[in-house]
Amino acid sequence: TQNATDALRTPIVAVLGHVDHGKTSLLDKIRGSAVSEGEAGAITQHIGATAVPLETVSTMAGSLVDPDDFDLPGLLFIDTPGHHSFTTLRSRGGALADIAILVVDVNDGFQPQTEEAIDILKRTGTPFVVAANKIDTTPGWNPQDGAPIQQTYEAQSQRARSMLDERLYEIIGQLSDSGFSADLYWRVQNFQKNVGVVPLSALTSEGIPDLLAVLMGLSQRYMKDEMAIDVSGPGAGTVLEVKDEKGFGATLDVVLYDGVIRAGDQIVVGGTNEPIVTEVRALLQPRPNAEIRTEKRFDKVEQVGAAAGVKIAAPDLDDAMAGAPVRVVRDRPLDDVVEEVRKELAQISVETEEDGVVVKADTLGSLEAMANALKEAEIPILRAEVGDIAPRDVAVASTAGEDVHQVILGFNVEVLPDARRELEESDVKLFSNDVIYQLVQDYDEYVEEIQR
Ligand code: GTP
Ligand code: MG
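The C-terminal position of the sequence shown is numbered 457 in UniProt numbering, with every residue numbered one higher than the one before it.
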């Protein structure tokens, strides 16, 4: 429904990929170029995200992006550290990100976390482009700082070009093995049907103009309807992280994808037991880069509109969960909003059985992904929870009926000191990893070994 307050929000772009393939370097370069273009003030550093306005995108992309062709306000980039799964980025029944950039090192090709990211992109139906990064490492490369890829290609020797092409076609082949028809982006006609591969370098900025052009084009062409939101409606977001901050206690790093949130708003947040009802004490944004060393690291703001990253300080947030929904109540019956949050959490709850393994994961989304992987591998789950491994988990695992089920599978979580002691004294076996499929594989091998 259109109404007077409808406007187009900033598309949310998640950057994902295997460890060290260059996600942060790519974002740093986009931020850095904006600074060197003299538009530092235009870039706003959010919690867990960076907003780049259309004018800045267009300056960086040069002739590839004409701002007159677009009516989206810009792009909001979310970095996902390699150890931290993209699965946190969920929203009402789907993916939080509107688009994703899958960063793949041209030297390494697909790696475990690339595969994992691909699985999630497939499951959530998130459109994505592949940034084939580090093209400057091609032997004999002649770098053309900041140039669009065609221009760079023309400056290369025949030999360097064919070496790069070989690597790119390997990535295109790997995409095809994963079920995606892909091609170099300039050969793609329909980005909804085919995945575009953009060769680039986060070191020399070659190809970054192309990446920005593809992202803007994709958002404008295919997602404009989804970007139309009621900008003054009650805010809706997803918890990225629960963090203790000096002077504030437990705070939430949130990506807001709908509406507006204001200081003083009553909010409902998904918690480990029940939805948490609380009131926003402060909305915090990081200070601009230049000021980061001052003792107060955050600026208090009165309100934040979607899409944006923001830190929320409020009482009673200790039991909030990463990956859980956040809703502003405003003008609605509190019970309805609590019910909405409860329903959303129920969608994520995991099927458990009488006998099975104990699963611990860092976020709701990763717990969900773990549960899916275990179901596929026909491994039953006795209990699945978000959080670090505690003594109680060891106790629960030791009650499993079959020996092979006396196991804790930890995805991206810590073992609390007391739990470590209990583990040493019990028969419970711990498997931990930050790659889901590796965790499942390790467990499978263990089962095979003891059943031999
Ligand atoms: P995690 O956050 O740990 O998952 O890694 P990341 O994907 O953010 O990788 P990051 O940006 O930290 O880069 C990893 C390493 O690769 C760093 O040493 C970068 O300097 C290097 N690197 C990134 N992009 C490029 C590139 O385009 N060319 C070259 N030569 N090196 C690059
Ligand atoms: Mg990084």
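Just so you know, even glycine gets a beta-carbon here, dropped at the ideal spot from N, CA and C.
Here the structure is a predicted model, which means the values were calculated and not measured.
Short note on SER431: C-beta not closer than 7 Å to any heavy atom of the ligand GTP. Cα atoms of ALA325 and ASP215: separation of roughly 40 Å, rounded to the nearest angstrom. With respect to the C-alpha of ALA374, the residue from GLU231, ASP124, ASP323 having the closest C-alpha is ASP124. For GLY392, the three-state secondary structure derived from DSSP is coil.
Straight across, the Cα-Cα distance linking GLY201 with LEU220 is about 10 Å. By a beta-carbon distance limit of 8 Å, PHE75 contacts GLN225. Their separation comes to about 5 Å.
If you keep only unbroken alpha helix (DSSP H) runs of at least 4 residues inside the region 237 to 286, you get nothing at all.
The Cβ atoms of GLY27 and VAL108 sit closer than 8 Å to each other. Taking 8 Å as the cut-off, the beta carbon of ILE106 is found no closer than this to the beta carbon of VAL193. Here GLY178 carries a helix assignment [DSSP, helix/strand/coil]. Membership of GLN118 in the alpha helix (DSSP H) is indicated by the continuous run 117 to 129. Cβ contact annotation for ASP432 (same chain, cutoff 8 Å, sequence separation greater than five): SER403, ASP408, GLN411, in chain order.
The DSSP-derived three-state label of LEU205 is coil. In this structure, the CA atom of GLN118 is about 17 Å from the CA atom of PHE185. Between TYR448 and ILE384, the gap from beta carbon to beta carbon is short of 8 Å. Taking C-alpha positions only, VAL420 is separated from THR143 by approximately 42 Å. DSSP, read as helix, strand or coil, puts THR85 in coil. Distance between PRO422 and GLU430, taken at the CA atoms: about 13 Å.
In the three-state DSSP reduction, ALA424 falls in the helix class (H, G or I). Here the alpha carbon of ASP182 sits roughly 18 Å from the alpha carbon of ALA136. The beta strand (DSSP E) runs of length 3 or more contained entirely in the region 335 to 377 are, from start to end of the chain, 362 to 366. The nearest non-hydrogen atom of the ligand GTP is less than 7 Å from the C-beta of VAL24. If you compare the alpha carbons of LEU32, GLU120, ALA12 with that of HIS23, the shortest gap goes to GLU120. Residue pairing by DSSP places ARG332 opposite ALA241, VAL273 in a beta bridge.
For THR85, the closest C-alpha among the options THR61, VAL309, LEU31 is that of LEU31.
Assigned with DSSP and collapsed to three states, ALA312 falls in coil, not helix or strand.
Using a cutoff of 7 Å, the CB of THR119 does not count as near the ligand MG, since none of the ligand's heavy atoms is closer than that. Counted as a single uninterrupted DSSP element, the stretch harbouring ILE384 is not any beta strand (DSSP E), since DSSP gives it neither H nor E. At least one heavy atom of the ligand GTP is found less than 7 Å from the C-beta of ASP141. When LYS316, GLU279, ILE266, LYS348 are compared, the shortest CA-CA separation from GLY310 is found for ILE266. Under DSSP, ALA105 forms a beta bridge with ALA19, PHE133. A heavy atom of the ligand MG is found nearer than 7 Å to the CB of LYS28.
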